[in-house]
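Reviewing the structure listed below.
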Amino acid sequence: MSLPTVTHRVEFLRHPHPGYPHLMAWGIRIDGTDLRVLVAEATRALWSRELDEDDDTLQEREGFLLGQHAPLYLDDDADGARARAHFLGDAPPDLRDCDTGALCLLGCSCGIDACWPLLAVVRATTTEIIWSGFYQPHRPEWGELTLGPYVFPRSAYEETLAAPVPLTQDPLALLLGEG
2 MSLPTVTHRV EFLRHPHPGY PHLMAWGIRI DGTDLRVLVA EATRALWSRE
52 LDEDDDTLQE REGFLLGQHA PLYLDDDADG ARARAHFLGD APPDLRDCDT
102 GALCLLGCSC GIDACWPLLA VVRATTTEII WSGFYQPHRP EWGELTLGPY
152 VFPRSAYEET LAAPVPLTQD PLALLLGEG
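Every position in the sequence shown, counted from 1, becomes a number in our numbering once 1 is added.
Below you can see the structure in the form of structure tokens.
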């Protein structure tokens, strides 16, 4: 007998890209928590092996963890068509791992999505969208991150993707020292 599937709630957000206010970005919340916060928690111990804690204050380390990724820019997407295709699993080659098929859910804070991406496998069925197998391709030694899998009801997923929450700034701007 299999266990019942736990479903999650996703929200897509649209706001000026952090650091590049002339660009619009696509942010993500899962069950009300920004995906970057979830990634910060999942990578905290991994980063602690690489970073010299004596060089930074606690506040600087937290800023680094939260700021390691940014919402996706997905250039030339004024009507949201590119984002809808992307988040339903049809990502362009520059935002997809050709070996695993995983796609970019978060980009780099430099403004180039593929520079430091958070990748995950996105699988769409007729009733669900599943995100699993999260990883950072530039840190293969980290392996799969302790995130997900996240199962979203497809109808609710498509609704928020079609009508993302409009924001005037990045919801983490104050925590990142940008607001």
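All C-beta atoms in this analysis are idealised placements derived from N, C-alpha and C, irrespective of residue type, glycine included.
Using a threshold of 6 Å, is the CB atom of residue i nearer than that to any non-hydrogen atom of the ligand HEM?
i: residue 170; result: With respect to small molecules bound, the structure shown includes none, and the ligand HEM cannot be examined in it.
Starting from residue i, trace the beta strand (DSSP E) both ways and give me its first and last residue.
i: residue 152; result: 151 to 154
i: residue 134; result: 129 to 136
i: residue 104; result: 104 to 107
i: residue 120; result: 119 to 125
Does DSSP put residue i in a helix, a strand or coil?
i: residue 26; result: strand
i: residue 18; result: strand
i: residue 159; result: helix
i: residue 2; result: Interpretation of residue 2 is limited by its pLDDT of 49, a score under 50 that renders its predicted location unreliable; no figure is taken from the coordinates.
i: residue 140; result: coil
i: residue 167; result: strand
i: residue 85; result: helix
i: residue 50; result: coil
i: residue 39; result: helix
Could you tell me how far apart the beta carbons of residue i and residue j are, in whole angstroms, since I believe they sit closer than 8 Å?
i: residue 74; j: residue 24; result: 5 Å
i: residue 13; j: residue 147; result: With a Cβ gap of about 23 Å, residue 13 and residue 147 do not count as contacting.
Should residue i go down as buried or exposed, given a rule of 16 or more other Cβ atoms within 10 Å for buried?
i: residue 109; result: buried
i: residue 137; result: buried
i: residue 114; result: buried
i: residue 166; result: exposed
i: residue 142; result: exposed
i: residue 172; result: buried
i: residue 82; result: exposed
i: residue 72; result: buried
i: residue 139; result: exposed
Which residue or residues does DSSP assign as beta-bridge partners of residue i?
i: residue 31; result: 11, 34
i: residue 73; result: 27
i: residue 97; result: 104
Residue i lies in the alpha helix (DSSP H); which residues open and close that run?
i: residue 62; result: 59 to 68
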